[in-house]
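Going by the working numbering, the residue at position 171 of the sequence shown is 237; the numbering climbs one at a time, nothing skipped.
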Amino acid sequence: MALLAAILLIVFLFLGAPIFSAILAATMLGFFYAEIDLSAVAVELYRVIDTPLLASLPFFTFAGYILSESQTSQRLMRLSQAIFGWAPNGLAIVVLITCAIFTAFTGASGVTILALGALLYPALTQTGYPQKFSLGLVTTSGSLGLLLPPSIPLILYGIIMQQMNIGGEFSFEQIFLAGLFPGLFLIFVLSLWVFWSNRHHRIPTIKFSGKEVLSALKEARWEIPLPVFVFAGIFGGILAVSEVAAVTALYVLIVEVFIYKEIKIRDLPKVGTESMSMVGGIILILGTSMAFTNYLIDAEVPGTLFEWVKAHVDDKLTFLLLLNVFLLILGAVLDIFSALVIVVPLILPIAVGYGIHPLHLGVIFLANMQIGYFTPPVGMNLFIASYRFEKSIIELYRACIPFMFVLMAAVLIITYWPSLTLFLIK
């Protein structure tokens, strides 16, 4: 009977059943055969929703959706170009920085490609960058920023980690600090690759103009305080993370609707519905997956899995290498939110058993997810970029592979150099 139910569950999943329904069904089956009251599922859903820090998720998501619907990306691009355009390969560095900031606030790399692609790709090719390089750079840069605050995946990892209470208790300030240096390191490594790959190309630069900088600063004067405010609010201890999220959403709403007037009041219900649909889906998957995790813990699955891994993997370094390979494949076939809530509860106890810091594991996880977004054959950003730039998937593969290898090397450095992640924490 149990085998038949499991087969039916897999069949329904392949037929397109929502992932939360599959997790919920598996949870209920597990509890039923373990003779545990099914009310445990409802209790777990309530426990997740009652988490105080979860309140930051809808606020940051709503703010990100508003920013993606406005002309913020163009203003950020102009400002970055005015400041860095005079430097060799300045425009390519501008692309990296602009995409990283935009992804950090929107929490979705696909949104960054759709919002900035029409602006960045033509700008690169018209400046003189090769088409292949430009495609690879924009597609790759779309996933930068997932490690930078106030990244929604970082928040979600923190919620899962706190719910499991494995490896110690950590504040959200510490979680954001853990991702800061590795996130900047990935941007730095890609910047080095930009200089190296264009060393034989004479890319024209833009003459520095103080007048243009002041004009760009004036145009983006309402967006400039936003990252400063978020960082000061979170790391300065002035406000709790949920309070920073609420004020950020209110600030963005006022700026884009009443000051810039780029979003009409009549469009707010649509933006709110889309953003909260995403949040609702995340919370539903999170609640059901945490209930499933409790069942797995009761059934001693993580302990059994750890013993099996321990029997086949001799040391921590080998485990980390295999973990990177697994996460890279996972990121190519599964969206980041599903991957977080399904896989983190399984690998977190194993990683802690090998002596890996929970925050370091989170950074490794998200860094691999960034690469997975454009890893052939099914990386999500490859298909989004193919649609956005009207290029074949094969062409996107070839453009992204050099960037993928560069970032893989950077992720290995992050993996085997834990101090890069933990320095600010300690």
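Note that beta-carbon positions come from the ideal geometry of N, C-alpha and C, so glycine has one too.
- Would a C-beta distance cut-off of 8 Å place A451 and I163 closer than the cut-off? For the pair A451 and I163, the CB atoms are not nearer than the 8 Å cut-off.
- Message: Taking its Cβ as the centre, do 16 or more other Cβ atoms sit within 10 Å of Q229, making it buried, or is it exposed?
- Response: Label assigned to Q229: buried.
- Message: Using CA atoms only, rank isn't needed, just tell me which of I349, V318, T487, V379 is closest to F128.
- Response: If we check each option's Cα against that of F128, V318 comes out closest.
- Return the CA-CA distance between H267 and I331, expressed in angstroms with no decimal places. Rounded to the nearest angstrom, the two C-alpha atoms are 47 Å apart.
- Query: How would you label S458, buried or exposed, when you count the other beta carbons within 10 angstroms and need 16 or more for buried?
  - Reply: By the neighbour-count rule (16 or more Cβ atoms within 10 Å), S458 is not buried but exposed.
- Item | Delimiting residues of the alpha helix (DSSP H) encompassing N390 | Run containing N390: 382-399, per the alpha helix (DSSP H) assignment.
- Item | Per-residue burial, A315 [other beta carbons within 10 Å of its own, 16 or more giving buried] | A315 is buried by the Cβ-count criterion.
- Query: Which runs of the beta strand (DSSP E) fall wholly inside the stretch 107-180 and span at least 3 residues, in chain order?
  - Reply: The stretch 107-180 contains no whole beta strand (DSSP E) run of 3 or more residues.
- Query: Among S146, D380, S209, which one has its Cα closest to the Cα of L280?
  - Reply: Nearest C-alpha to L280: S146.
- Can you give the Cα-Cα distance for A303 and M344, rounded to whole angstroms? The residue you asked about is not Ala; residue 303 is Gly in the sequence shown. Cα to Cα, G303 sits roughly 29 Å from M344.
- Give me the Cα-Cα distance between L190 and I218, rounded to the nearest whole angstrom. L190 and I218: Cα-Cα distance of roughly 29 Å.
- Determine the direct distance from the alpha carbon of F126 to that of G299, and round the result to whole angstroms. In a straight line, the C-alpha of G299 is about 14 Å away from that of F126.
- Message: Taking only three categories from DSSP, how would you classify K277?
- Response: In the structure shown, K277 sits in a helix (DSSP, three-state: H, G or I).
- Leaving out the 5 sequence neighbours to the left and right, which residues in its chain are closer than 7 Å to T481 when beta-carbon positions are compared? The residues are L386, N390, I430.
- Does the beta-carbon distance from L214 to Q140 come in below 8 Å? Not a contact, by the Cβ cut-off of 8 Å.
- Does the distance from the C-beta atom of I221 to that of S122 stay below 8 Å? In contact: I221 and S122 (Cβ atoms closer than 8 Å).
- Query: Do you know offhand how far L412's Cα is from T359's?
  - Reply: Cα atoms of L412 and T359: separation of roughly 8 Å, rounded to the nearest angstrom.
- Item | For I320 and K327, the rounded distance between their alpha carbons | CA-to-CA, the gap between K327 and I320 works out to about 9 Å.
- Query: Do you know whose CA, among V161, E322, F295, lies nearest A311's CA?
  - Reply: Closest by alpha carbon: F295.
- Item | Residue ranges of each alpha helix (DSSP H) within the stretch 304-377, 4 or longer | Listed in chain order, they are 307-320, 334-364.
- Message: Here's the rule: buried if 16 or more other CB atoms are within 10 angstroms of the residue's CB, otherwise exposed. What is V410?
- Response: V410 counts as buried, since no fewer than 16 other beta carbons sit within 10 angstroms of its beta carbon.
- Message: Less than 8 Å between the beta carbons of C466 and F449, yes or no?
- Response: Not closer than 8 Å, so no.
- Hey, A357 and A91 are a contact pair by Cβ (cut 8 Å); roughly how many whole angstroms apart? The beta-carbon separation of A357 and A91, rounded to 11 Å, does not stay under the 8 Å limit for a contact.
- Item | Nearest to L432 (by Cα), restricted to the options Y99, R144, F242 | Considering only Y99, R144, F242, the residue with the shortest C-alpha distance to L432 is F242.
- Whole-angstrom Cβ separation of I159 and V260, contact assumed at under 8 Å? A Cβ-Cβ separation of about 7 Å places I159 in contact with V260 under the 8 Å criterion.
- Query: From which residue to which residue does the alpha helix (DSSP H) around E289 run?
  - Reply: That residue, E289, is in no alpha helix (DSSP H); it is neither H nor E in DSSP.
- Message: Let's test the definition: count the other Cβ atoms within 10 Å of the Cβ of P154 and tell me whether it reaches 16, buried, or not, exposed.
- Response: Exposed is the call here.
- Item | Other residues of its chain near I226: CB distance less than 6 Å, five sequence neighbours each side excluded | Setting aside the 5 residues that flank it on each side, I226 is surrounded in the same chain by V410, each with a C-beta closer than 6 Å to its C-beta; the list follows chain order.
- Nearest chain C C-beta to P188 closer than 8 Å, yes or no? The question asks about chain C, but that chain is absent: this structure has only one protein chain.
- Can you give the Cα-Cα distance for L486 and I422, rounded to whole angstroms? Distance between the alpha carbons of L486 and I422: 14 Å.
- Item | Three-state secondary structure (DSSP) of H426 | Helix.
- Buried or exposed: where does R287 fall if 16 or more other Cβ atoms within 10 Å of its Cβ makes it buried? Looking at its Cβ environment, which holds fewer than 16 other Cβ atoms inside 10 Å, R287 is exposed.
- Item | The alpha helix (DSSP H) enclosing I241, as first and last residue numbers | Residues 238-263.
- Task: Out of P270, C165, K376, point me to the one whose CA is closest to V204's CA.
- Result: Closest option to V204, Cα to Cα, is C165.
- Message: Measuring only the C-alpha atoms, how far is F297 from G245?
- Response: One C-alpha to the other measures close to 13 Å.
- Item | Whether T193 touches L157 by CB criterion (8 Å) | When the beta-carbon positions are compared, T193 and L157 come within less than 8 Å of each other.
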